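A short worksheet on the structure shown next.
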Amino acid sequence: MATYNYEIMPDETLVLIEYLEASDRLAQYALTIAEDLKGWHAPEKWITVQATGGRLEGVRTANPRVDVNVYAPSKPLAKRIALIAIAEIRSIKNFI
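Going by the working numbering, 42 is the number at position 40 of the sequence shown; the sequence numbering is gapless.
This is the structure in structure tokens:
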């Protein structure tokens, strides 16, 4: 089993969860941000951040990709929260 230096290769889902939890813009919606939906009950507002990609075979680099899903009582509210979450993620330093 490999050990990782998370200062060099952090867990992208945990980094995004912590970043979104620190967002003042998202705080107004009183939502939960987690890796999964354990404990979720409709109509609670949640954001899930889940890894969908990672290391590329034969290449000594990683290509982390994540899904950010929003759950809310209505589609318009979920869309509003999702747009804010996307804006927050794009504001991360060195976002490409």
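Idealized CB from N, CA, C, for every residue including glycine. Note that the coordinates shown come from a computational prediction; the quantities given were computed from them, not determined experimentally.
Within the same chain, show all residues whose beta-carbon is closer than 8 Å to that of residue i, passing over the 5 residues directly before and after it, in chain order.
i: Y21; result: E90, I91 and I94
i: D38; result: T50 and Q52
i: S76; result: none
Spatial neighbours of residue i within its chain, please: CB distance less than 6 Å, with the 5 preceding and 5 following residues excluded, ordered by chain position.
i: S25; result: E90
i: A4; result: Unreliable placement is indicated for A4, whose pLDDT of 47 sits below 50; the coordinate value is still reported in the next sentence. Correct list: empty, nothing qualifies.
i: V72; result: I49, A80, I83 and A84
Under three-state DSSP, which class holds residue i?
i: L73; result: Here residue 73 turns out to be Tyr, not Leu, going by the sequence shown. Three-state DSSP puts Y73 in a strand.
i: K81; result: helix
i: D26; result: helix
i: A87; result: helix
i: T15; result: helix
Report the partner residues of residue i according to the DSSP bridge assignment.
i: I49; result: I35 and V72
Under 7 Å Cβ to Cβ from residue i, same chain only, skipping five residues before and after it: list those, please.
i: I86; result: R27 and L28
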